[in-house]
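Asks:
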Amino acid sequence: MDSLIQQLVLLCALYGAAHGVPDQVTYTPEIVPTRIAGRITQTTVALEQPRCVFDLTEMSCVSCEVWLIVANSTGVATFNSIKNGFFNTSMFTYQNAFTGPNGFYVTVKTKRDFYRCPPTAMPGQILTLRVGSEVPCQTPNCNAPLPTGGTFRMKYVLINLNLTGANVVGETEFTDNIKLLSAPDPNNIDTFPGRRTGGMVVITTILVILLFLLLAMFAAMLAMVCCKKYEQSDFPTPLATSGSLRKYHTHNLHNKSDIITQKGKM
Ligand SMILES: *[C@@H]1O[C@H](CO)[C@@H](O)[C@H](O)[C@H]1NC(C)=O
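Residue numbers for the sequence shown follow my numbering, so the first one is 1176 and each next one is one higher.
(1) In whole angstroms, give me the CA-to-CA distance for Thr1263 and Phe1289.
(2) Ligand 1 and Gly1324: does any heavy atom of the ligand fall closer than 7 Å to the residue's C-beta?
(3) Whole angstroms is fine: what's the gap from Leu1397's alpha carbon to Ile1381's?
(4) Could you round the C-beta distance between Leu1333 and Thr1232 to whole angstroms and report it? I think they count as a contact, below 8 Å.
(5) Closest by CA to Val1237, which one among Leu1336, Val1377 and Leu1355?
(6) Helix, strand or coil, according to DSSP, for Gly1195 in the structure here?
(7) Taking Asn1316 as the reference, which of Phe1279, Thr1339, Arg1328 and Gly1324 has the closest Cα?
(8) Within 10 Å of its beta-carbon, does Ser1432 have 16 or more other beta-carbons around it, so buried, or fewer, so exposed?
(9) With 16 other CB atoms within 10 Å as the buried threshold, where does Ala1391 fall?
(10) Check Thr1326 in the structure and name its three-state DSSP category.
(11) Return the residue from the list Val1400, Leu1389, Met1399 and Ala1358 that minimises the CA-CA distance to Thr1216.
(12) Taking the continuous beta strand (DSSP E) assigned at Val1283, which residues delimit it?
(13) Just to check, is the beta-carbon of Asn1247 closer than 7 Å to a non-hydrogen atom of ligand 1?
(14) Contact check, Val1228 vs Thr1350 under 8 Å by CB: the rounded distance?
(15) Excluding the 5 residues flanking Leu1185 on each side, which residues of the same chain have their C-beta closer than 8 Å to its C-beta?
(16) So what's Gly1373 in DSSP terms, helix, strand or just coil?
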């Protein structure tokens, strides 16, 4: 009996190795704290970057990449059913995530080095990764805006590009359900012009009067500028006046030199 169990355990271990079960990292992607604006919007979610998370996973794999998985509840099951085999990132794009059977996609490919633990702690600093921020979406695995009002779970995975078999070598936990904000119901937006408050009427009236005054001032200014131009063409410019002053000065000097010559003559 004992040997049978041992054999079973060994079989399971071998099976696991052959299928390359990803290292489970005990980390759940976190949404940034509430004080950061737009942590969850209609089409985006701000996650904390997975700094230090995969530092101890498959350490010899320098070329490994960290990817983000965005999944609906169906997609979570789909990913779990295929993660022990070869994972082809180009088959799980945003474009076919929620139209076909997948229910999830991978995006934000990042070299693992980028998320290494910083050598010095940066107190208070939160490095965010905004899911759904890429507009326009131009690559297959782009980080396109999420469907408004949808509910998703997210996790990071570490992928070893050199492996032709099971290449998902590490994974974090999935987040709980993240529900995006819904677009405001168009039926609730008040567009009926008859329902205006007294305050709005007063403000509108004041604004109209101010606008009228502003226009009047503008017209007056235009008129003044026109008249000035007209004046300038008819009357001597201030420059001519200063010219006459200079002439007067020269005249003075001439007089002085006259005096000197006269003195010299004397
Ligand atoms: C998730 O996406 C798949 C694929 O498009 C879809 O068939 C499924 O209904 C979705 N599941 C939920 C819970 O929205």
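In this text, a Cβ means the ideal position worked out from N, Cα and C, and glycines have one as well. If you're wondering where the values come from, they're calculated on a predicted model, not measured in any experiment.
Replies: A quick look at the data gives this:
(1) What you label residue 1263 is simply residue 88 of the sequence shown in a count that begins at 1. What you label residue 1289 is simply residue 114 of the sequence shown in a count that begins at 1. A quick correction: the sequence has Asn, not Thr, at residue 1263. Straight-line Cα distance between these residues: approximately 22 Å.
(2) One-based indexing of the sequence shown puts residue 1324 at position 149. Gly1324: no, Cβ never under 7 Å from ligand 1.
(3) Within the sequence shown, residue 1397 is the residue found at index 222, counting from 1. Within the sequence shown, residue 1381 is the residue found at index 206, counting from 1. Between Leu1397 and Ile1381, the C-alpha separation is close to 24 Å.
(4) Taking the first residue of the sequence shown as position 1, residue 1333 is located at position 158. Taking the first residue of the sequence shown as position 1, residue 1232 is located at position 57. Contact flag correct, Cβ pair sits at about 6 Å.
(5) Numbered from its first residue, the sequence shown carries residue 1237 at position 62. The shortest C-alpha separation from Val1237 is found at Leu1336.
(6) Indexing the sequence shown from 1 puts residue 1195 at position 20. Note: Gly1195 maps to coil in three-state DSSP.
(7) Against the sequence shown, residue 1316 aligns to sequence position 141. Of Phe1279, Thr1339, Arg1328 and Gly1324, the residue nearest in Cα terms is Phe1279.
(8) Sequence index remark: in the sequence shown, residue 1432 carries index 257 (1-based). Unreliable positioning characterises Ser1432 in this predicted model, as indicated by a pLDDT of 45, which lies under 50. The coordinate reading is nonetheless provided below. Ser1432 counts as exposed, since fewer than 16 other C-beta atoms from the protein chains shown sit within 10 angstroms of its C-beta.
(9) As a first step, residue 1391 is located in the sequence shown; it is residue number 216 there, counting from the start. That one is exposed.
(10) Position 151 of the sequence shown holds residue 1326. In the structure shown, Thr1326 adopts extended strand secondary structure according to DSSP, grouped into three states.
(11) Residue mapping note: residue 1216 aligns to position 41 of the sequence shown, counting from 1. Nearest option by C-alpha distance: Ala1358.
(12) By one-based count along the sequence shown, residue 1283 stands at place 108. For Val1283, the uninterrupted beta strand (DSSP E) segment begins and ends at Phe1279 to Lys1286.
(13) Within the sequence shown, numbered from 1, the residue matching residue 1247 stands at position 72. Asn1247: yes, Cβ under 7 Å from ligand 1.
(14) Stepping through the sequence shown from its first residue, residue 1228 is reached at position 53. Stepping through the sequence shown from its first residue, residue 1350 is reached at position 175. Contact between Val1228 and Thr1350 fails: their C-beta atoms lie close to 13 Å from each other, not under 8 Å.
(15) By one-based count along the sequence shown, residue 1185 stands at place 10. Its pLDDT being 49, under 50, Leu1185 is placed unreliably in this model, and the value from its coordinates should be taken loosely. Only residues of its own chain outside the window of five on either side were considered, and among them none has a CB closer than 8 Å to the CB of Leu1185.
(16) In the sequence shown, counting from the first residue as 1, residue 1373 sits at position 198. Correct three-state label for Gly1373: helix.
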